[in-house]
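Sequence positions in the sequence shown follow this note's numbering and run 888 to 1312. First the structure, in the form of structure tokens, and then the observations on it.
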Amino acid sequence: MEFNKKRESNNYPYGGLLVFIIFMIGFFLLRAGESSNYHLLFGLFLIYIVGLIDDYKDLSVKSKLFLQFAAVLYLVIFGIRVNYVTNPFEGFIYFEELSFPVTILWILSMINLVNLLDALKGLASGTAIISSLFIMIIAWDMGRFLTVVFAAMLLIGLVIIKLLHRRYGSWQLGNSGSMFTGAVLALISILGAVKSITFISLFLPVILLGIPIINGIIAFYQIIFKKDFKLNQLRTRMLHHILLESGMSEEQSRHILYIISFVFGLAAFLLTKITTTQSFMIIIIIFFGLLVYFRELRHNTAKKSRLTNVKLLKDIQLSLYQIRDKLQYKLANGELSIVKQEMQDLEDILTKKLPNYFTDIEDISYSIENNNSIEKQLDDMLHLLENVFDYYYPEFDNLNYILKDYESELKDTIDKLDEIYLKLK
């Protein structure tokens, strides 16, 4: 029986295709007469294709970043540049020679931040809807019609996905849709000269709340240069992980993150209406208030339940070692036939129940064969557990998070193993 990691949220990436088609229709209707802008269209198409490949082939992190970089490089070579950003205090900050790398970093960051949000179903599309809405409102107020239309096309596609998913339950952005959405938001901000809007309404909820910027930079460095750093370690450092770990449901976590996105979108709108000093005071108050809240939430969660699920899994490992010792004694004395039902129960645990706990663990693949002897199945499972603990050492917080949905099942498994052990005695 083979088990490999599967990403459930990407099983039906039809939503990404829908967003892509709707946006491209708007692009052709408004810019078909300007052939120079077809490079923009092709660059977005390349980014969508990278995401589509990842949906079906599950690319490694390095392969994904390389292909993303190639697509973004194409856009930058053909003229998409961040030449300046608004100085919060006066005038503009011009990048000059740094324009090339800054643009690449900006677009890559947006692509991957939105993609990481998709770890919680519906979060990427919901956050992008709020961001697109505020970009559209502010761009309209600034008289930037093209930005309004592009934001509207993205908004329409995302809203339709939400409605379809609510009705049919199988429409997801997938990696193709989330990467494309991130790229569109990045390009809208560049073309529409509203970079500060996008930064406030999307970047802050994703990075700054709950995760200091320096941790994001370190994580990015580790992904590229450290062989032992896994993608799941980055995903479990995101804000939604803190909320889920605190005991909130996925729906509650999404709603809180939507509120945060809305608050910062509103703060972005206020930037265009009040003085710079007043705007920054509001943003700082909101930011530090939320930061204190989430740090306190994380602290309370850590005190309340420290690695509960990992401890349960270790208890299972200990029970299996004890059962193996008793099993060897029964075999040596020819007494195995008297505990036939218990052996069947043990086999079900080894080949059916326990493997379910490891389907969300990246880079762990294994097989527990039904036709092997019970001793071989037991040895294989113990070997697997050792590999899992070695794999996550010393980052057991990540393993604890992965097992969060299995706490009651882990406890039931321990009870069942205790019954089997008592029978073997």
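By construction, the Cβ of each residue, glycine as well, lies at the ideal position given by its N, Cα and C atoms. Everything numeric in this text was worked out from a predicted model, so none of it was measured.
Of the residues the options, the one placed nearest residue i, counting alpha carbons only
{"i": "L1153", "options": "F910, N999, T1300, I1173", "result": "I1173"}
{"i": "Y1180", "options": "K1201, I1143, D1212, K1198", "result": "I1143"}
{"i": "V1150", "options": "S1018, L1050, F932", "result": "S1018"}
{"i": "N999", "options": "N1287, L1309, A1070", "result": "A1070"}
{"i": "S1206", "options": "E1306, Y1278, I1289", "result": "E1306"}
{"i": "L962", "options": "E1294, H926, E1138, G1044", "result": "H926"}
{"i": "L1050", "options": "M1029, I1016, L1078, T1034", "result": "I1016"}
{"i": "G1061", "options": "M1168, I934, Q1165", "result": "I934"}
{"i": "T1311", "options": "F982, I1210, V1197, D941", "result": "In the sequence as displayed, the identity of residue 1311 is Leu instead of Thr. Of F982, I1210, V1197, D941, the residue nearest in Cα terms is I1210."}
{"i": "I909", "options": "K1303, M1040, W1058, V1197", "result": "M1040"}
{"i": "G930", "options": "E983, M1168, L960, F915", "result": "L960"}
{"i": "I1075", "options": "W1058, V1035, V1046", "result": "V1035"}
{"i": "I991", "options": "T1014, F965, L1271", "result": "F965"}
{"i": "I940", "options": "M1066, L916, L1157, R1141", "result": "M1066"}
{"i": "I1077", "options": "Q1231, W993, D1284, A1155", "result": "W993"}
{"i": "T1068", "options": "I936, D1292, I1147", "result": "I936"}
{"i": "I912", "options": "N1287, K1213, D1212, I1043", "result": "I1043"}
{"i": "Y1308", "options": "L1004, D1212, A1011, G938", "result": "D1212"}
{"i": "L917", "options": "D1277, V1046, F1032", "result": "F1032"}
{"i": "E1273", "options": "L946, K1239, V1197", "result": "V1197"}
{"i": "A1155", "options": "Q1231, D1028, T1195, N1243", "result": "D1028"}
For residue j and residue i, believed in contact at Cβ under 8 Å, the rounded distance
{"i": "I1048", "j": "L952", "result": "About 26 Å; that fails the 8 Å criterion."}
{"i": "F1037", "j": "L995", "result": "Not quite, the Cβ-Cβ distance comes to about 20 Å (not below 8 Å), so this is no contact."}
{"i": "G1064", "j": "G903", "result": "3 Å"}
{"i": "R968", "j": "S986", "result": "5 Å"}
{"i": "L1072", "j": "M997", "result": "6 Å"}
{"i": "R1141", "j": "L1020", "result": "Incorrect: roughly 17 Å between the Cβ atoms, too far for contact."}
Residue burial classification, residue i (beta-carbon count within 10 angstroms, cutoff 16)
{"i": "S1088", "result": "A caution first: S1088 carries a pLDDT of 46, below 50, which makes its placement in the model too unreliable to give a value."}
{"i": "R1054", "result": "exposed"}
{"i": "S1295", "result": "exposed"}
{"i": "M1023", "result": "buried"}
{"i": "F1175", "result": "exposed"}
{"i": "M1168", "result": "exposed"}
{"i": "E1229", "result": "buried"}
{"i": "N1287", "result": "buried"}
{"i": "D942", "result": "buried"}
{"i": "G1030", "result": "exposed"}
{"i": "F915", "result": "exposed"}
{"i": "I1289", "result": "buried"}
{"i": "I1025", "result": "buried"}
Close-in-space but distant-in-sequence residues of the same chain around residue i (CB under 8 Å, 5 per side omitted)
{"i": "M1268", "result": "L1207, L1237, L1241, I1255"}
{"i": "I1301", "result": "L1199, D1202, I1203, S1206"}
{"i": "W1058", "result": "Y899, Y901, G902, L905, I1048, L1051, H1052"}
{"i": "L1214", "result": "L1223, I1261, E1262, L1265, L1311"}
{"i": "K1298", "result": "L1199"}
{"i": "K1303", "result": "D1232, I1236"}
Own chain partners of residue i with C-beta closer than 6 Å, once the 5 adjacent residues on each side are dropped
{"i": "Q1165", "result": "none"}
{"i": "L1233", "result": "I1307"}
{"i": "D1235", "result": "none"}
{"i": "F907", "result": "Y935, F1067"}
{"i": "D1277", "result": "none"}
{"i": "A1011", "result": "V1001, L1004, D1005, L1060, S1065"}
{"i": "V1275", "result": "none"}
{"i": "L954", "result": "V937"}
{"i": "D945", "result": "none"}
Residues near residue i by beta carbon distance below 7 Å, same chain, minus five either side
{"i": "D1292", "result": "none"}
{"i": "A958", "result": "G930, L933, I934, V937"}
{"i": "K1239", "result": "none"}
{"i": "A919", "result": "Because the pLDDT at A919 is just 48, under 50, the model does not fix this residue reliably, and the value given afterwards should be weighed accordingly. No residues qualify anywhere along the chain."}
The ligand NAP heavy atom lying under 6 Å from the CB of residue i
{"i": "F907", "result": "Absent from the structure shown: the ligand NAP. Ligands present: none."}
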